[in-house]
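Notes follow once the structure below has been shown.
Residue numbers (my numbering): 19 to 292.
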């Protein structure tokens, strides 16, 4: 009887998702807030562009009629996208004797009492303007593109930076070399939620080069509880550190159970001797 000894390969290193999402979480929070807010405002501006902002193009393309009107009021000039414009109110008669309308023109174009031509949309007599004017203020912030560039684009860049950091951390946790880290200092990070601890430590990489790092750890996580216990007792113990083989500056303090697997079981196979 011959016995063959075979060991089952150890299980792959366990990676917890919480540290990945908590890594550089301010970038994740700010990026998500900017992106969602920017896209929501851009969508709202896009929707409203189909209402009031479309009345001017309708007068440009749909059937209209020219009638005579009279300027009744001229507001103070306002700067709109770098140009001075004033709101001109006018009265005209189309379906009813005293219909009112407004349009915006360059400062000084019209004065109270001027007789003007008025363009009236045949399909909707409430849409009217003095030729050459704008139906509504065309501020840049009323356009969807403004909010996409102002909020959504920076938010996407922040999310990209967070995703790159999370991917980097995952590489370290999944394939990093193990070293023994010496803790030098643990302190609470003030004015931050969720509560965080800053751990300062050194270790030697696979070239025996001394490396130093400091990163934040969630107080209510497993590693945070271990570090808080050490902070309360004032006794710092050596802790495992994972680091990237080619880029040792990518490193992370972990718990032993994050990378240690149980010893592989031994399987004995019996074969008949011949």
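We put the beta carbon where it would ideally sit given N, CA and C, even for glycine.
Query, Result
"In or out: residue 252 buried (at least 16 other Cβ within 10 Å) or exposed?", "exposed"
"Decide yes or no for the touch test of the segment 54–65 against the segment 261–268: beta carbon pairs closer than 8 Å, at least 3 of them.", "no"
"Beta-carbon of residue 194 versus every beta-carbon of chain B: anything under 9 Å?", "This model lacks chain B altogether, as it is built from one protein chain only."
"Anyone know if the C-beta pair for residue 213 and residue 238 falls short of 9 Å?", "yes"
"Where residue 173 and residue 165 are concerned, what is the direct C-alpha to C-alpha distance, given to the nearest angstrom?", "11 Å"
"Rank 133, 113 and 130 by C-alpha distance to the C-alpha of residue 143 and give the top, closest one.", "113"
"If we call anything under 9 Å between Cβ atoms a contact, is residue 198 one with residue 268?", "no"
"Out of curiosity, what's the CA-to-CA distance linking residue 134 and residue 153?", "16 Å"
"How would you write the range of the beta strand (DSSP E) that residue 222 sits in, first residue to last?", "214–222"
"So is residue 207 buried or exposed if we call it buried at 16+ other beta carbons inside 10 Å?", "exposed"
"Does DSSP classify residue 273 as helix, strand or coil?", "coil"
"What's the gap between the Cα of residue 210 and the Cα of residue 179?", "21 Å"
"Going by C-alpha distance, which of 101, 93, 86 and 222 is nearest residue 111?", "86"
"Can you list, in chain order, the residues of its chain whose CB lies under 8 Å from that of residue 90, leaving out five sequence neighbours each side?", "107, 108, 109, 118 and 130"
"Within the continuous alpha helix (DSSP H) that includes residue 178, where are the two ends?", "171–193"
"Less than 7 Å between C-beta atoms, sequence neighbours within five positions excluded: which residues of the same chain meet that for residue 83?", "138 and 140"
"Helix, strand or coil for residue 43? Go by DSSP, reduced to three states.", "helix"
"Could you pull out every residue in the same chain whose Cβ sits closer than 8 Å to the Cβ of residue 36, ignoring the five residues on either side in sequence?", "236 and 239"
"Please identify the residue among 272, 81 and 231 whose C-alpha is closest to the C-alpha of residue 242.", "272"
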